[in-house]
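In this note's numbering, the protein residues as written are 2 to 121.
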């Protein structure tokens, strides 16, 4: 399962680079509000790609469910938070509580990662 978090983190990183390249040339790049939303989503996605890599490495070193729960929370948080920002930037449609829910999951993932790191 630890390889899954590493692969997912690498996949999120790959998508971050690809979406960044696409966004630099997209027609909406001239719209500052939409471009800002895309940048926010890319920043969070890229940061949490690294967090998933660290989660996979930690899970590999220490058997335990807490690291895997952290990975699940971070992965779900990226999908919900970043996904909601992408949808808002591209369509103008707010998904309501989806982004805040994703943000809470990201914070939970970091908390669980802390717990996994200090557990013996």
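C-beta: ideal position from N, C-alpha, C; glycine also.
Note that this is a predicted model, so its numbers are computed, not measured.
> Around the C-beta of residue 79, are 16 or more other C-beta atoms found within 10 angstroms, so that it is buried, or is it exposed?
Replying inline: Walking along the chain shown from the start, residue 79 turns up at place 78. Burial call: buried.
> Are the Cβ atoms of residue 76 and residue 15 separated by less than 7 Å?
Replying inline: The residue labelled residue 76 in the question sits at position 75 within the chain shown. The residue labelled residue 15 in the question sits at position 14 within the chain shown. For residue 76 and residue 15, no; Cβs fall outside 7 Å.
>> So residue 116 and residue 67 are supposed to be a Cβ contact under 8 Å. How far apart are they, rounded?
In response: The residue given as residue 116 occupies position 115 in the chain shown. The residue given as residue 67 occupies position 66 in the chain shown. About 5 Å separates the two Cβ atoms, so the contact holds.
> Using DSSP with H/G/I as helix, E/B as strand and the rest coil, what is residue 2?
Replying inline: Here residue 2 corresponds to residue number 1 of the chain shown, with the count starting at 1. Looking at residue 2 - three-state DSSP - the assignment turns out to be coil, as it is neither helix nor strand.
> In three-state terms, what does DSSP make of residue 27?
Replying inline: For the purposes of this step, residue 27 is identified with residue 26 of the chain shown, where counting begins at 1. Reduced to three states, the DSSP call for residue 27 is coil.
>> Quick check: what's the CA-CA separation for residue 118 versus residue 59?
In response: The residue labelled residue 118 in the question sits at position 117 within the chain shown. The residue labelled residue 59 in the question sits at position 58 within the chain shown. Those two C-alpha atoms are separated by around 7 Å.
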